[in-house]
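Residue numbers (the working numbering): 5 to 327.
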Amino acid sequence: MTNKLPWDDIALPAKDYNVRLVASQQGIPIYWGKDSQAHLLLVIDLAGDHSSEFNREPLVIRGIGVDLRSGDKPGMQNLVLSLLQREDSDLFYSLCRTLVEALAPVTEPSVGLAVALRHLKRWKAFMAGRRGGLLTPEQVRGLFAELLVLRDLYSSHLTHRHAVDAWTGADRIKQDFVFGDTALEVKSLTGRERNAVRISSEDQLEFPMGRLYLTALRLLDAPEDPAALSLNALVSSIENALPEAEAIEEFQRKLSAAGYAPVVDYNEPRFMEGEVRTYFVEEGFPRLVRSLLPSGLARVSYDVELEAIEPFRCTREVIFEGV
């Protein structure tokens, strides 16, 4: 972690906690804080008694403490979020920034608590299977491309739940999508990667149970285009499209497994979908596969030039024949 955090200049208290008001916060008072055990805090002031609403559905979030405490003044309560593991401070800061932005226009304490609890429930789902910190730019593009394909699946070919179940890339299955006897590997391309796609293992282009396709999807940076989407916006659009609670829960679980969390960092960049090319991975397709690797070779990665696989190009519709 290299960026300065708002807790860095808050002194360690002998007891209880020290706080500093979040800058430019016009609605409900919100504070950065640090307690006597050096835990990083976000403290939200709430006028009134909100114990009944808070205790209605107790929240247990991996790595984050959630507590409703009596305030310093009569008739006040504090919703206190505490980071339990300091190594997650960058992610905690991103989550807190997201919550602070959501609370910015809120002035009614009961509404503020409802907004906070709604965000915390999302945090719970994503923190449960979280791995690592924030996604790298390359990982953001890769996840964005997979989600575009997921959206295409339920829009025209599969049911919503079937499409979510078919998304296997988040769970580190060899290919990104598997449905029936068909597997699909998705690769994102940018302007800097015009001529090749990166294959990250000897397993990605081998699927002995049926047909395997490779989709190369070009993402265009479009910060000014109103039709462009950020990763957060694409996730929200898919969540809103899923009609069943079970499908939403499974989608969120897979997002968490992929390393995603709903933080403001993913409001940028914004992409447009560009050219999409699909290839049938069959005999003669240039690839390295586990079953044909010489003994002693493992964990290989390599580039496949798009020009070399042009003879294997096919339409997207071919993928869904018989589905």
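No residue lacks a Cβ here, since even glycine has one placed at the ideal position from N, Cα and C. If you're wondering where the values come from, they're calculated on a predicted model, not measured in any experiment.
Fully contained in the region 213 to 283 are the following alpha helix (DSSP H) runs of length 4 or more, in chain order: 235 to 245 and 249 to 261. Membership of residue 192 in the beta strand (DSSP E) is indicated by the continuous run 186 to 193.
DSSP places residue 156 inside the alpha helix (DSSP H), whose first and last residues are 141 to 160.
When 74, 125, 45 and 120 are compared, the shortest CA-CA separation from residue 88 is found for 45. With respect to the 7 Å criterion, residue 161 and residue 247 are not classified as neighbours on the basis of their beta carbons. In this structure residue 21 is not in contact with residue 130, their Cβ atoms being roughly 26 Å apart against a cut-off of 8 Å.
Nearest neighbour of residue 151 by Cα position, chosen from 189, 319 and 137, turns out to be 189.
Pairing residue 179 with residue 267, the inter-Cα distance amounts to about 27 Å. Between residue 276 and the set 229, 256 and 166, the nearest pair of CA atoms involves 229. Scanning its chain for C-beta atoms nearer than 8 Å, with the 5 sequence neighbours on each side dropped, one finds around residue 40 the residues 16, 17, 18, 19, 20 and 21, in chain order. Residue 36 carries a strand assignment under DSSP once its states are collapsed to helix, strand and coil. Excluding its 5 nearest sequence neighbours in each direction, residue 211 has C-beta neighbours in its own chain below 7 Å: 179 and 187, listed in chain order.
Within its own chain, the residues whose Cβ lies closer than 6 Å to the Cβ of residue 285, once the five positions on either side in sequence are excluded, are 209, 216 and 218, listed in chain order. CA-CA distance, residue 79 to residue 53, rounds to 7 Å. DSSP places residue 130 inside the alpha helix (DSSP H), whose first and last residues are 113 to 132.
Beta-carbon to beta-carbon, residue 138 and residue 95 are separated by about 7 Å, close enough to satisfy the 8 Å threshold.
If you draw a straight line from the Cα of residue 143 to the Cα of residue 76, it comes to about 44 Å.
Contact holds between the region 197 to 207 and the region 280 to 299, because three or more Cβ pairs, one in each stretch, are under 8 Å apart. DSSP places residue 91 in the helix class (H, G or I) of the three-state scheme. Per DSSP, residue 59 has no beta bridge partner at all.
Residue 102 counts as buried, since no fewer than 16 other beta carbons sit within 10 angstroms of its beta carbon. The region 228 to 242 makes no contact with the region 105 to 123; the number of CB pairs closer than 8 Å stays below 3.
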